[in-house]
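*Asks:* Taken in order, the sequence shown gives residues 0 to 92; the numbers are from numbering that gives the first Met the number 0.
Next up is a structure, given as structure tokens.
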Amino acid sequence: MILTRHPFSYSRVDKVHDEEEQHRKAQILINKILKEIDSVTRRPTPLRLKAARVAVKVGVRMKKVRFAARRMRFWFLRRIDQYFRPSTLRLGY
Numbered sequence: 000m001i002l003t004r005h006p007f008s009y010s011r012v013d014k015v016h017d018e019e020e021q022h023r024k025a026q027i028l029i030n031k032i033l034k035e036i037d038s039v040t041r042r043p044t045p046l047r048l049k050a051a052r053v054a055v056k057v058g059v060r061m062k063k064v065r066f067a068a069r070r071m072r073f074w075f076l077r078r079i080d081q082y083f084r085p086s087t088l089r090l091g092y
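This is the structure:
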């Protein structure tokens, strides 16, 4: 008879007592609240937030300085290139 049973058929689950069910629900709620408290306590401190903002500002300023230096270098190279082009060379005659 065991061989005629389907291998993946559902089996009946015994009814859980009311007390056990309430206990399980209470445990789930307790764990949920503990996780929420954990997430609240892991917030970064105001000092760390301020340091992060300052770091972002410094990074933005450094990016602007790098970009300005690059523009100046290209401007300078273009000016030299224009100066030495054949049309602008002064040959003395």
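Just so it is clear, CB atoms sit at the ideal spot from N, CA and C, and this is done for glycine as well.
Just verifying my parser: in three-state terms, what is the DSSP assignment at H16?
*Replies:* coil
*Asks:* Give the secondary structure of S8 by DSSP, where H, G and I count as helix, E and B as strand, and everything else as coil.
*Replies:* coil
*Asks:* Identify whether P45 lies in helix, strand or coil by the three-state DSSP scheme.
*Replies:* helix
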